[in-house]
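J.: Residue numbers (our numbering), protein chains in the order written: chain A, 171 to 551; chain B, 171 to 551.
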DNA sequence: TATGATTATGAAAACGTTGTCATGTAAACG
DNA sequence: CGTTTACATGACAACGTTTTCATAATCATA
């Protein structure tokens, strides 16, 4: 590896001078600068981040800790964060923690170890002690998407999130206005404030519209499709009557839809449904579900920016930035009625057909030597 | 910040001994070990990655350079890579380059500077000189998803990718078997081998099925929805006849669908359509489009694993791993016909309705103080 | 001509680790 | 009892930077 000393030797100067040229940090004569730049070019020198970081006690790196990189919402947040980071010449270390406290604890330790200059995290809040480590080490931290009970904490965190209460309120009110009085809620796990806030918004809307609240219409579980399906199953088996379902996020919504399809329950004819969070980067594919969208990109961008401002002043009072959520009315509640019926509905297929027709076809064997069974293994070239 | 020396002082030993305890690297008596562990616990010591990295000349970090983190395909690759990395106690630095050579060059320099232990990159191949820098610095590198012209290169890279030729072949053959003879291709940018290979697979399938190839039925552009729409527009305006469209990836497909909807062309009644790459993590939402799915998770996982094996032997011959692609037949080609018509079709709505009904509703103002116009700004708490 | 500011460069130390070498003690062996 | 072997610990140097301090040459000013 080529070091600053190598460059210095070739240019016939001291390492200090090379450093000055690279960082443009002090007086260097024009002639020397040119010699050095030439040497850098010739040797293909790139500064050693770790050495510099060790000296400067900075890494120019941010950590982004997400529950599920597979969810478009988080993906879009990541993109916003990355753009903001790059603009400031920072890199992003990215960790997936799957709503798993153990993993989260481990990642917090790693992140600390990495000496990142800032952390953006959507935390599982059931182990706040571990999060407190970040404060203890004075690492600028932004809590994404969620609220924490900070009563135990010495310092406060910074926050960036969507407005879950308002969003859930809008979604519920929309259903009520369409005439629904029995609205089930398939909620997320209560360890996440987003789940709690969405229930709260839902309850507030019911109250405002004078609809009685029925505890039994709520089920709780993870923010996952499989959990959404299981919760829906459970809910339907309770033998209660309800005409609509509020899914606490897009993943859960996916599971809800899956279970409804399985039972041949039509949307919106038999059941209306709304999601919190849109379900695809661009829902042009299938603009069917009525949802709340959050400004995910902006959340990520704002979080990174907040870290940068925090870096310059560690002792600034803690801040909370709440971005508005937007209701997008589509067809899954039958809101757009034509000739007495919704122009679009699910399922168009009976469940049995549905599964049969989405069969997977084996890749062809007779075509390319790369295809077929052997292709999954390594082959030397 | 608490260092190894602080721990050493508290435990009454030398820093070396602490290091030995932390890394379990040499003889330490049980009593000493316990003293040290206790001190570590008490001070909340975490090792300093950069210092260690500087000493060991390793970072325990992999770089993942992707064209578009918004695309589920890449998201899933990222997940696979992250899982594999975490299993080996490695972290992932992640960069989004948007199919932009400039950005890619910059990221290559950054990555070099970061001294990562390995790089996974889906490269824009029009600046292979810059990629060669990675080799020159002997950084283990895996090329994701694509092929490079390595003729200029001193060493060869490792590769992990899906089988684009075979996938495109399957998709095209599927269309031909359904009776299509005029199949348009909305391709990606030719700088990416995936675009070239998919055209190749398409041509091979046509040839095998004795369908004449018409150059004018292919359009080229970026792997983006907007480009997909523009290319489709261009294609339709050529005044050619064709009955089906092959979209070179999911993003392009989205644009194709958007343009067809805009022109009120029904799918599959008026036009059949297939995508390369599935369009959502879990297409349960809307199992409509016939696609080729790649083993995206496995591609990411395999790439990271390949890096780990490369690290232990830099001089091992270069390897290529090709994962099979799978055809999923759904409804966008009318393959599943009932009573003479497809059970599911697009658009159900005329374009004008379509746009009108997906109107965005403003967030409510009268509810929470967080909602409304002020909420997009920062507020101190 | 003396004084001080400006420009230009380098030597040395430090950031927090860990590998190498040296030193020592205790146990095992003949 | 002397010698080897295993166990245990520490001093020192080094990884590649950059900051601080020191030195010196050049230039303008009194």
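Yeah, the Cβ is synthetic: ideal placement off N, Cα and C, and Gly gets one too.
Just so you know, these numbers come straight off a predicted model, no measurement behind them.
#1: Could you round the C-beta distance between residue 461 of chain B and residue 402 of chain B to whole angstroms and report it? I think they count as a contact, below 8 Å.
#2: Just to confirm my understanding: we take residue 361 of chain B, look at its own chain, exclude 5 residues before and 5 after, and list those with CB closer than 7 Å. What are they?
#3: Please classify residue 377 of chain B as buried or exposed, where buried requires at least 16 other C-beta atoms within 10 Å of its C-beta.
#4: Quick check on DSSP: helix, strand or coil for residue 495 of chain A?
#5: Run through chain B and tell me which residues come within less than 9 Å of residue 224 of chain A, C-beta to C-beta.
#6: Measuring only between beta-carbons, confirm whether residue 257 of chain B sits less than 8 Å from chain A.
#7: Run through DSSP, which three-state label would residue 526 of chain B get?
#8: Quick one: which residues of the segment 301-317 of chain A get their C-beta closer than 9 Å to a C-beta of chain B? List them in chain order.
#9: Does DSSP put residue 508 of chain B in a helix, a strand or coil?
#10: Could one say the Cβ of residue 262 of chain B lies closer than 8 Å to chain A's Cβ atoms, at least one of them?
#11: Which residue marks the beginning of the beta strand (DSSP E) containing residue 357 of chain B, and which one marks its end?
#12: Strictly by DSSP, which residues pair up with residue 195 of chain B?
#13: So, with DSSP's three-state summary, where would you put residue 446 of chain B?
#14: Applying the criterion that 16 or more other CB atoms from any shown protein chain within 10 Å of the CB defines a buried residue, is residue 382 of chain A buried or exposed?
#15: What did DSSP end up calling residue 266 of chain B once you bin it into helix, strand or coil?
#16: Would you call the CB atoms of residue 267 of chain A and residue 312 of chain A closer than 8 Å?
#17: Could you tell me whether the segment 268-288 of chain B touches the segment 223-240 of chain B, where touching means 3 or more Cβ pairs closer than 8 Å?
#18: So, is residue 184 of chain B buried or exposed, given that buried needs 16 or more other C-beta atoms within 10 angstroms?
#19: Expressed to the nearest angstrom, what Euclidean distance is found between the alpha-carbon atoms of residue 302 of chain A and residue 391 of chain A?
#20: Contact criterion: CB-CB distance below 8 Å. Does residue 214 of chain B meet it with respect to chain A?
#21: In chain order, what are the residue ranges of uninterrupted beta strand (DSSP E) at least 3 long that sit wholly in the segment 290-336 of chain A?
#22: Quick one: is residue 223 of chain B buried, meaning 16 or more other Cβ sit within 10 Å of its Cβ, or exposed?
#23: Does the beta-carbon of residue 409 of chain B have 16 or more other beta-carbons within 10 angstroms, so that it is buried, or is it exposed?
#24: Pick out whichever of A:315, A:395 and A:288 has its Cα sitting closest to the Cα of residue 334 of chain A.
#25: Quick check on residue 521 of chain A - is its C-beta less than 8 Å from some C-beta in chain B?
#26: Please check if any C-beta of chain B sits within less than 8 Å of the C-beta of residue 163 of chain A.
#27: Pull the bridge partners of residue 388 of chain A from the DSSP assignment, please.
#28: Cβ of residue 291 of chain B within 8 Å of Cβ of residue 249 of chain A?
#29: Over what stretch of residues does the alpha helix (DSSP H) that includes residue 202 of chain A continue unbroken?
#30: For residue 462 of chain A, list the residues DSSP reports as bridge partners.
#31: So, helix, strand or coil for residue 426 of chain A, using DSSP?
#32: Under a three-way DSSP split, which group does residue 282 of chain A fall into?
#33: Is the beta carbon of residue 444 of chain A closer than 8 Å to that of residue 503 of chain A?
#34: Tell me the residue span of the beta strand (DSSP E) that contains residue 414 of chain A.
#35: Assuming residue 284 of chain A and residue 202 of chain A make a contact with CB atoms under 8 Å, what is their CB distance in whole Å?
#36: Start and end of the alpha helix (DSSP H) containing residue 235 of chain B?
T.: On the basis of the coordinates in this document:
#1: As a working mapping, residue 461 of chain B is identified with position 291 in the second chain. As a working mapping, residue 402 of chain B is identified with position 232 in the second chain. With 8 Å as the limit, residue 461 of chain B and residue 402 of chain B do not qualify as a contact, their Cβ atoms being about 17 Å apart.
#2: Here residue 361 of chain B is taken as the residue at index 191 of the second chain, counted from 1. If we look at residue 361 of chain B and ignore the five residues flanking it on each side, its Cβ neighbours are 294, 295 and 296.
#3: Stepping through the second chain from its first residue, residue 377 of chain B is reached at position 207. The residue is exposed, with fewer than 16 neighbouring Cβ atoms inside 10 Å.
#4: As a position in the first chain, residue 495 of chain A is number 325, starting the count at 1. The answer is strand: DSSP assigns residue 495 of chain A an E or B state.
#5: Taking the first residue of the first chain as 1, we reach residue 224 of chain A at position 54. 218, 220, 221, 223 and 224, listed in chain order.
#6: Counting from 1 along the second chain, the entry for residue 257 of chain B is found at position 87. For residue 257 of chain B, the answer is no, since every Cβ of chain A falls outside 8 Å of its Cβ.
#7: On the second chain, residue 526 of chain B is found 356 positions in, with the first residue counted as 1. Note on residue 526 of chain B: pLDDT 32, under 50, position unreliable in the model; the coordinate value appears next. Looking at residue 526 of chain B - three-state DSSP - the assignment turns out to be helix.
#8: 303, 306, 307 and 308
#9: Stepping through the second chain from its first residue, residue 508 of chain B is reached at position 338. The predicted model places residue 508 of chain B with a pLDDT of 48, which falls under 50 and marks its position as unreliable; any figure quoted below should be read in that light. Three-state DSSP puts residue 508 of chain B in a strand.
#10: Against the second chain, residue 262 of chain B aligns to sequence position 92. Output row for residue 262 of chain B: interface = yes.
#11: Position 187 of the second chain, counted from the start, is the residue given in the question as residue 357 of chain B. Residue 357 of chain B -> beta strand (DSSP E) spans 353-357.
#12: As a working mapping, residue 195 of chain B is identified with position 25 in the second chain. Answer is none; residue 195 of chain B lacks a bridge partner.
#13: By 1-based counting over the second chain, the position of residue 446 of chain B is 276. Looking at residue 446 of chain B - three-state DSSP - the assignment turns out to be strand.
#14: For the purposes of this step, residue 382 of chain A is taken as residue 212 along the first chain, with counting starting at 1. By the neighbour-count rule (16 or more Cβ atoms within 10 Å), residue 382 of chain A is not buried but exposed.
#15: Position 96 of the second chain, counting from 1, holds the residue named residue 266 of chain B. Of the three classes helix, strand and coil, the one that applies to residue 266 of chain B here is strand, per DSSP.
#16: Taking the first chain and counting its residues from 1, one reaches residue 267 of chain A at position 97. Taking the first chain and counting its residues from 1, one reaches residue 312 of chain A at position 142. Against a cut-off of 8 Å, the Cβ pair of residue 312 of chain A and residue 267 of chain A comes out as no contact.
#17: yes
#18: Within the second chain, numbered from 1, the residue matching residue 184 of chain B stands at position 14. Exposed: under 16 other Cβ atoms inside 10 Å.
#19: Reading the first chain from its first residue, position 132 is the one you call residue 302 of chain A. Reading the first chain from its first residue, position 221 is the one you call residue 391 of chain A. Straight-line Cα distance between these residues: approximately 26 Å.
#20: On the second chain, position 44 is the one that residue 214 of chain B refers to. With 8 Å as the cut-off, residue 214 of chain B counts as an interface residue toward chain A.
#21: 311-314 and 328-332
#22: Along the second chain, one-based indexing puts residue 223 of chain B at 53. So residue 223 of chain B ends up on the buried side.
#23: The residue given as residue 409 of chain B occupies position 239 in the second chain. When all chains shown are included, residue 409 of chain B counts as exposed.
#24: Reading the first chain from its first residue, position 164 is the one you call residue 334 of chain A. When only C-alpha atoms are compared, the closest one is A:315.
#25: On the first chain, residue 521 of chain A is found 351 positions in, with the first residue counted as 1. Confidence at residue 521 of chain A is low in this model, with a pLDDT of 33, below 50, so its placement is unreliable and the value that follows should be read with caution. Residue 521 of chain A does not count as touching chain B.
#26: Look at the range of chain A in this structure, 171 to 551, and you will see that residue 163 of chain A is not part of it.
#27: As a working note, residue 388 of chain A is residue 218 in the first chain. In the DSSP output, where bridge partners are listed per residue, residue 388 of chain A has A:355.
#28: For the purposes of this step, residue 291 of chain B is identified with residue 121 of the second chain, where counting begins at 1. For the purposes of this step, residue 249 of chain A is identified with residue 79 of the first chain, where counting begins at 1. Going by C-beta atoms, residue 291 of chain B is not nearer than 8 Å to residue 249 of chain A.
#29: Locating residue 202 of chain A in the first chain gives position 32, where the first residue counts as 1. Run containing residue 202 of chain A: 200-213, per the alpha helix (DSSP H) assignment.
#30: Within the first chain, residue 462 of chain A is the residue found at index 292, counting from 1. In DSSP, residue 462 of chain A forms a bridge with A:446 and A:497.
#31: In the first chain, residue 426 of chain A corresponds to position 256, counting from 1. Here residue 426 of chain A sits in helix by DSSP.
#32: Start at 1 with the first residue of the first chain, and residue 282 of chain A comes out as number 112. If DSSP states are grouped into helix, strand and coil, residue 282 of chain A belongs with the helices.
#33: Locating residue 503 of chain A in the first chain gives position 333, counting from the first residue. Locating residue 444 of chain A in the first chain gives position 274, counting from the first residue. Closer than 8 Å, so yes.
#34: Counting from one through the first chain, the residue named residue 414 of chain A turns up at place 244. Start and end: 414-417.
#35: Start at 1 with the first residue of the first chain, and residue 284 of chain A comes out as number 114. Start at 1 with the first residue of the first chain, and residue 202 of chain A comes out as number 32. Contact flag wrong, Cβ pair sits at about 36 Å.
#36: Start at 1 with the first residue of the second chain, and residue 235 of chain B comes out as number 65. Run containing residue 235 of chain B: none in the alpha helix (DSSP H); it sits in the beta strand (DSSP E), 231-236.
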